[in-house]
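Only one structure is covered here, and it is reproduced in the block below.
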Amino acid sequence: NIWMALDPHMRTPHACLWLAINPEGEHRICGELWPPAGTHWQAVQYAEVIRWLESDSREKLPSWWWAQGKKLTVKRRIMDTHGRAANSDEGYDFFETYQKHDLYFDPSRKDIPAAVDRVRELLEAVPLSDGETTRKGPLLKVFESCRETVWEFENVRYAEGEAEKRTEEIAA
Numbered sequence: 176n177i178w179m180a181l182d183p184h185m186r187t188p189h190a191c192l193w194l195a196i197n198p199e200g201e202h203r204i205c206g207e208l209w210p211p212a213g214t215h216w217q218a219v220q221y222a223e224v225i226r227w228l229e230s231d232s233r234e235k236l237p238s239w240w241w242a243q244g245k246k247l248t249v250k251r252r253i254m255d256t257h258g259r260a261a262n263s264d265e266g267y268d269f270f271e272t273y274q275k276h277d278l279y280f281d282p283s284r285k286d287i288p289a290a291v292d293r294v295r296e297l298l299e300a301v302p303l304s305d306g307e308t309t310r311k312g313p314l315l316k317v318f319e320s321c322r323e324t325v326w327e328f329e330n331v332r333y334a335e336g337e338a339e340k341r342t343e344e345i346a347a
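The numbering of the sequence shown is the working numbering, which starts it at 176 and goes up by one.
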């Protein structure tokens, strides 16, 4: 199963993640779309890129090596609830705007402590089996090609000690 998450912003680029979950419960952040800081795309442009990344195109971004030529079937799309409060460049809230572009999102739950606990659980080493051998490892892994997500984990969200703030977050 593949899930997609969207965190829309008015002043900074949207953040998009794709998460694959296998029947054994292993979670892989396998795709991301984080336009460079200072980039201002309209919702229609995000929608076009999302549809392209999920298409069977053989010429996707290099970080999408795993999906070259594969059409993705997204089971569920989640958007930060801020998307209801913010007006998109098309004058609607982001949920309505993306619906106009045939992308339908459910609102995320805003229980941040529970979400942090869940991510911590997924990062704990647990016994994993491939049917022949058992090893210990986390249920959540991030593809190395998802460089911005890796950076976020290492520097902002789950850094040791005090989390560093990105320049864009300090300026906002």
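Even glycine gets a Cβ: it sits at the ideal position worked out from N, Cα and C. Only a predicted model underlies this, so the values are computations on that prediction, with no experimental measurement involved.
Check                                                                                                        : Outcome
CB of S320 within 8 Å of CB of S238, strictly                                                                : yes
From M185, E299, W216, W193, residue whose alpha carbon lies closest to that of I119                         : There is simply no residue 119 to check, as the chain begins at 176 and stops at 347 in what is shown.
Best match in I196, Y221, P198, I204 for proximity to H184 [C-alpha to C-alpha]                              : Y221
Through-space distance from P302 to D255, alpha-carbon basis                                                 : 32 Å
Start and end residues, alpha helix (DSSP H) containing E207                                                 : Where E207 is concerned, there is no enclosing alpha helix (DSSP H), although the beta strand (DSSP E) it sits in stretches over 202–208.
Length-filtered (3 minimum) beta strand (DSSP E) runs lying within the segment 272–315                       : 301–304, 309–312
Identity of the residue in P282, G206, D292 nearest W227 by Cα                                               : G206
Span of the alpha helix (DSSP H) around L228                                                                 : 218–228
Which listed residue (A300, T214, W241) has its alpha carbon closest to that of T309                         : A300
Whole-number beta carbon distance between A218 and Y279, since they are thought to touch under 8 Å           : Contact doesn't hold; Cβ gap of about 14 Å is too wide.
Sequence-distant residues of its chain with Cβ nearer than 6 Å to L298 (five each side left out)             : P313, L315
Residue closest to K246, alpha-carbon to alpha-carbon, out of I253, R252, K235                               : K235
R186 (DSSP reduced to helix, strand or coil)                                                                 : coil
Helix, strand or coil at N330 [DSSP, three-state]                                                            : helix
A334 classed as buried or exposed, judged by whether at least 16 other C-beta atoms fall within 10 angstroms : Here the model assigns A334 a pLDDT of 49, short of 50, so the residue's position is not dependable, and the following value carries that caveat. Looking at its Cβ environment, which holds fewer than 16 other Cβ atoms inside 10 Å, A334 is exposed.
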